[in-house]
Amino acid sequence: MSEVQEEPKKAFLKRGSREVRNAKRLTSELENVNKELREKIRRLESELKKLQDKTPATQTYLQQIKQLEREVRECKEKLAVKEKTISQLNKEKNNEENRMRREETEKAQQKDKNFTSLRKELDRMTSLKVQLQQENERLKKQLHVQKMQKRRDMSKEEQLELRGRLLKKEQLKLRTEIEKRIESNKRQEQELKRLQVQQQSKMRKVCFFFLKQTKKLFIYLPTQRDLLEKKEEYEMATARDKKENAQREAELRRLRQKLESLEAREKRLQLTNRTFTGSRLQLVDGAVEPRINRNQRAKVLVMHHTRVKEYWQTVEKLRGRRQALEKHGDKYKRYVDEIKILERRLQNMQNQINIQNKTRVRSNDGSGGKGGMNDSSSSGGGGSSSSSSSSSSSSSNNGGGGGSGSDNVVQEVGTEANLEIEKEEEEEEEEDMDFEDPIDSERMNELLDVLEKSEVLQSEMDEAAKDLHSSMSEWEDMKWNYELQIAEQNNVIEELQEEIENLKQSLDDTRTIDLEDENETENESEIETPNSKNFATFKTFHSKPEITTDGTTSKPDHEDHKDHSNPFQLQFSVLRKKLIVRIEFRKKE
């Protein structure tokens with residue numbers, strides 16, 4: 000037993016000694032590793048000190064790196080917040096789109112309902128229009144019968160007095176019209192005289208300009224044939240102007256007759272219509288109808304509403320007319336700018352002619368410097384200059400003789416230009432006499448080229464002068480048309496202002512009715528007087544009538560069964576229809 004127990008003890012001791020050895024070995028290894036690590040740490044610290052001594056900017060780099068890392072973290076946080084807000088906004092956007100779709104569907108349904116209601120209202124108004132036309136015809140017949148009865152009842156003296164008054168009125172009208180026409184004719188004559196004087200002065204300037212610029216280039220004055228052609232053109236232009244003036248006067252006469260017929264028609268309509276005075280309806284012959292009852296007050300206020308609307312429509316129409324006049328003024332300015340462009344083109348041509356003159360003077364100086372070597376060549380040059388001067392004088396004399404009877408302006412300009420050309424040719428001959436050198440063939444070719452260029456320039460200047468003359472005539476026509484249009488627009492504006500005053504008067508009349516009815520009944524509707532641009536709002540025991548987009552009124556349900564043959568209601572509807580027809584007629588004109 001003792002032997003058996005000693006064997007595990009030995010094994011245990013062996014294992015313990017082995018573990019102790021292993022532990023010692025491990026501790027020695029750890030110490031060695033520790034030493035190596037300490038040496039490495041010392042070496043690294045020494046290297047780090049060296050690096051710090053060498054590059055002190057590494058600390059700043061490290062700080063910057065830390066700061067950048069901090070900023071990156073902040074940016075990530077901000078991005079997360081923004082993503083959340085974007086998701087919320089997308090949700091709100093989707094909700095808004097859904098809401099807009101629902102509103103659009105509701106609006107479409109409402110439009111369909113409004114269209115059906117308007118269709119019903121239109122059918123009702125057409126039936127009412129037929130009734131009104133029948134009533135209007137009946138009233139016309141009745142009024143015609145009353146007039147005929149009055150004429151039968153009148154005595155001869157009264158009829159004569161009436162005719163005398165009418166004749167006096169017509170005489171006064173004719174006198175005023177004749178005076179106006181005389182004044183307008185005087186104004187037109189003065190304007191024509193002023194334009195003729197202006198045109199003559201411009202033509203004189205243009206002719207003098209052309210002669211002054213072309214006198215050094217051997218370009219002579221126009222012949223008698225040219226002057227006769229110009230005279231014929233001038234006579235044709237004057238005949239055309241007279242014809243156009245006659246056409247304009249005929250057009251003015253036609254417009255005045257049209258205005259007179261319209262005024263007479265308006266007076267006839269005023270006589271046939273009933274005039275609204277105070278709180279009663281009064282006929283022309285003095286018959287009085289009863290006071291307005293409660294059922295008709297709402298209709299009166301509806302008419303008042305529509306009249307205010309028509310008043311502001313006429314104001315908008317006036318604004319449109321003024322804008323059209325401003326546009327016409329812009330066209331006139333554009334035309335003036337085109338005339339300025341043409342004048343600038345003439346100035347450029349003048350500059351080109353000046354350059355050609357300078358080249359010609361230099362060529363003459365050069366030819367004179369080479370003269371003196373050959374007498375025959377110098378004598379030939381002198382002969383050419385003398386022949387040119389003689390031909391210029393003969394042509395100028397012919398032109399002056401032909402133009403004395405046709406155009407005094409051209410004659411004066413021709414004589415002045417002829418004298419200047421002769422003086423300059425004498426000066427050039429004196430300068431040529433100082434030199435006796437012959438002219439070379441090259442110099443002659445250059446002079447011929449200069450002459451050809453001068454002829455081309457002269458043709459261009461003639462075309463420019465024709466363009467200027469045509470543009471001036473067109474400008475005068477445009478000016479005349481512009482004045483006519485301004486006069487027509489002023490007449491239309493005056494007529495519209497008269498209509499506006501009539502509408503204001505009718506508004507005042509309706510206000511007086513409302514005030515009197517308020518004083519009589521305490522429990523009646525409360526009426527607010529309209530401001531300058533607001534419609535009148537009213538409350539009555541009836542339900543409020545709705546005013547649609549086209550100016551018609553929709554009545555409440557309990558008034559549809561009422562009789563529409565009331566004379567008061569018919570009278571106001573007739574007045575409204577006539578106002579609408581008159582406004583449409585003005586628009587068409």
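For the sequence shown, position 348 matches number 347 in numbering that gives the first Met the number 0, and the numbering has no gaps at all. From the three backbone atoms N, C-alpha and C, an ideal C-beta is built for every residue, glycine too. Treat the numbers as computed from the prediction; the structure is a model and nothing was measured.
1) If you count every other CB in all the chains shown that lies within 10 Å of the CB of E156, and 16 or more means buried, which is it?
2) Rounded to a whole number of angstroms, what is the C-alpha to C-alpha distance between R137 and L131?
3) Please say whether I492 and E309 have beta carbons closer to each other than 8 Å?
4) Quick check: what's the CA-CA separation for E482 versus E473?
5) Just to confirm, are L159 and R306 a CB contact at a threshold of 8 Å?
6) Taking the C-alpha atoms as reference points, what is the distance between D461 and V455?
7) What's the gap between the Cα of R321 and the Cα of W311?
8) In or out: K168 buried (at least 16 other Cβ within 10 Å) or exposed?
9) Apart from the five residues just before and just after T313, which ones in its own chain have a Cβ nearer than 8 Å to its Cβ?
10) Mark L617 as exposed unless 16 or more other C-beta atoms lie within 10 angstroms of its C-beta, in which case mark it buried.
11) Could you give the distance in angstroms between the alpha-carbon of K649 and the alpha-carbon of L341?
12) Could you tell me if M99 is buried or exposed, where buried requires 16 or more neighbouring beta carbons within 10 angstroms of its beta carbon?
13) Please say whether R575 and M302 have beta carbons closer to each other than 8 Å?
14) Measure the alpha-carbon distance for N113 versus E487 and round it to whole angstroms.
15) M235: buried (16+ other C-beta within 10 angstroms of its C-beta) or exposed?
16) Under 8 Å by Cβ, that's how I've got L194 and E459 pegged, so tell me the actual separation to the nearest angstrom.
17) By a C-beta neighbour count over all protein chains shown, 10 Å radius and 16 as the cutoff for buried, is K149 buried or exposed?
18) For S385, collect the residues of the same chain with a Cβ closer than 6 Å to its Cβ; drop the 5 residues on either side in sequence, then sort them by chain order.
19) Counting C-beta neighbours from all protein chains within 10 Å, is the total for M147 16 or more, i.e. buried, or is it exposed?
20) When burial is assigned at 16 or more other CB atoms within 10 Å of the CB, is H143 buried or exposed?
21) Near L254, which residues of its chain fall below 8 Å by C-beta distance, leaving aside the five closest residues on each side in sequence?
22) In this structure, does DSSP put E18 in helix, strand or coil?
23) Which residues in the same chain have their Cβ closer than 6 Å to the Cβ of L317, if we skip the five residues on either side of it in sequence?
24) Under the three-state reduction of DSSP, which class applies to D431: helix, strand or coil?
25) Taking all protein chains shown into account, do 16 or more other C-beta atoms lie within 10 angstroms of the C-beta of K298, making it buried, or fewer, making it exposed?
26) The ligand ZN heavy atoms versus the CB of Q488: any closer than 7 Å?
Judging by the given coordinates:
1) exposed
2) 10 Å
3) no
4) 14 Å
5) no
6) 10 Å
7) 15 Å
8) exposed
9) L495, E498, I499, L502 and I582
10) Any property of residue 617 remains undetermined from this structure, which presents the chain solely from 0 to 588.
11) The structure shown does not extend to residue 649, since the chain spans only 0 to 588, so no value can be given for it.
12) exposed
13) yes
14) 42 Å
15) exposed
16) Wrong, their Cβ atoms sit about 28 Å apart, outside the cutoff.
17) exposed
18) At S385, the pLDDT of 39 sits below 50, so the modelled position is not reliable and the matter cannot be decided from this model.
19) exposed
20) exposed
21) E487
22) helix
23) L495
24) Here D431 scores only 48 on pLDDT, less than 50, and its place in the model is too uncertain to base an answer on.
25) buried
26) Annotation note on the ligand ZN: not contained in the displayed structure, which lists no ligands.
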